[in-house]
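Undergrad: My questions all concern the structure below.
Residue numbers (our numbering): 12 to 244.
Right, dumping it as structure tokens:
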């Protein structure tokens with residue numbers, strides 16, 4: 012279902028939105044992988060840099076049932092996912108938050124940069140959608156959302172990750188196949204702990220993964236709910 016990163020980087024499998032990166036830096040990060048033994052270790056910091064792609068994103072501050080209902084009810088989910096929409100907060104364009112490895116600017120700085128333009132951007136959301144002729148999702152990500160991710164490295168290794176501190180690019184409509192570079196990330200019992208200081212967002216997406224996002228999330232949430240129900244019985 013998921014293409015390996017080595018087949019995805021710089022290839023035609025990405026959308027017309029090109030990933031903005033220094034190719035040498037990204038290819039260097041692609042050579043480093045997550046060790047399989049990470050799942051058996053209580054705590055470990057991987058220096059990196061390590062290139063990974065986003066396979067799944069779930070907001071763990073909301074109940075699975077409410078997420079399932081919201082996703083099912085939105086006919087356009089996850090359309091319009093080139094941008095993230097935060098309820099009562101800000102709408103941040105992906106191109107505005109691309110950071111190259113070694114950049115002196117962290118994602119923390121984005122909040123101040125975008126604060127003054129937040130209101131104007133939010134007021135133009137509907138106009139942008141109609142002008143571009145692209146239906147936008149009504150699915151909203153609360154400003155205080157915390158996300159769990161499934162990430163994949165260039166060897167196909169899958170790991171869970173938790174948004175330990177707010178990542179401005181991240182929501183449940185973040186395009187699947189988006190690339191991240193991890194630097195000095197701590198793993199706790201196999202789970203990567205992400206924050207703006209150790210996670211660089213490169214952008215990009217894989218069309219066939221994006222197209223199946225809704226069904227993947229519905230299947231994932233249903234299985235979790237059914238598993239919880241079985242355990243309760």
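In this text, a Cβ means the ideal position worked out from N, Cα and C, and glycines have one as well.
Would residue 56 pass as a contact of residue 170 if the rule is Cβ separation under 8 Å?
TA: Against a cut-off of 8 Å, the Cβ pair of residue 170 and residue 56 comes out as no contact.
Undergrad: Please state the DSSP three-state secondary structure of residue 100.
TA: Here the model assigns residue 100 a pLDDT of 26, short of 50, so the residue's position is not dependable, and the following value carries that caveat. Residue 100: coil per DSSP, three-state reduction.
Undergrad: Of the choices 224, 201, 227, 232, whose alpha-carbon is the least far from that of residue 49?
TA: Minimum Cα distance to residue 49 is reached at 201.
Undergrad: I need the straight-line Cα distance from residue 221 to residue 72, nearest angstrom please.
TA: Cα to Cα, the separation comes out at about 23 Å.
Undergrad: Find the nearest neighbour of residue 182 within the set 59, 43, 77, 154, judged by alpha-carbon distance.
TA: It is 154.
Undergrad: Could you give the DSSP three-state label for residue 34: helix, strand or coil?
TA: The answer is helix: DSSP assigns residue 34 an H, G or I state.
Undergrad: DSSP beta-bridge partners for residue 184?
TA: Bridge partners of residue 184: none, in fact.
Undergrad: Would DSSP call residue 80 helix, strand or coil?
TA: Looking at residue 80 - three-state DSSP - the assignment turns out to be helix.
Undergrad: Around the Cβ of residue 216, are there at least 16 other Cβ atoms within 10 angstroms (buried) or fewer (exposed)?
TA: It is buried - the Cβ of residue 216 has at least 16 other Cβ atoms within 10 Å.
Undergrad: Please report the Cβ distance between residue 78 and residue 70, rounded to the nearest whole angstrom; I am assuming they are in contact, meaning their Cβ atoms lie under 8 Å.
TA: Correct: roughly 6 Å between the Cβ atoms.
Undergrad: From the DSSP output, in three-state form, read off residue 203 for me.
TA: Strand, per DSSP.
Undergrad: Taking the Cβ atom as the reference point for each residue, do residue 159 and residue 173 lie within a distance shorter than 8 Å?
TA: In this structure, residue 173 lies closer than 8 Å to residue 159 by Cβ.
Undergrad: Just tell me which of 53, 58, 51 has its CA closest to the CA of residue 40.
TA: Looking at the Cα atoms, 58 is the closest of the given residues.
Undergrad: With DSSP as the reference, please indicate the residues paired to residue 163 in a beta bridge.
TA: DSSP, once it has assigned bridges, lists 64, 169 as partnering residue 163.
Undergrad: Counting only C-beta atoms, is residue 222 closer than 8 Å to chain D at any point?
TA: Checking the listed chains, one finds no chain D in this structure; it contains a single protein chain.
Undergrad: Give me whichever residues DSSP pairs with residue 212 in a beta bridge.
TA: Beta-bridge pairing links residue 212 to 191.
Undergrad: Considering only C-alpha positions, which residue in the set 199, 60, 234, 165 is nearest to residue 210?
TA: When only C-alpha atoms are compared, the closest one is 60.
Undergrad: Just to confirm, are residue 62 and residue 192 a CB contact at a threshold of 8 Å?
TA: It is a contact, given that the beta carbons lie within the stated cut-off.
Undergrad: Could you compute how far the alpha carbon of residue 225 sits from the alpha carbon of residue 219?
TA: Spanning the two alpha carbons is a distance of roughly 12 Å.
Undergrad: If you check the beta carbons only, do residue 44 and residue 194 fall under 8 Å apart?
TA: Result no, Cβ atoms of residue 44 and residue 194 do not sit closer than 8 Å.
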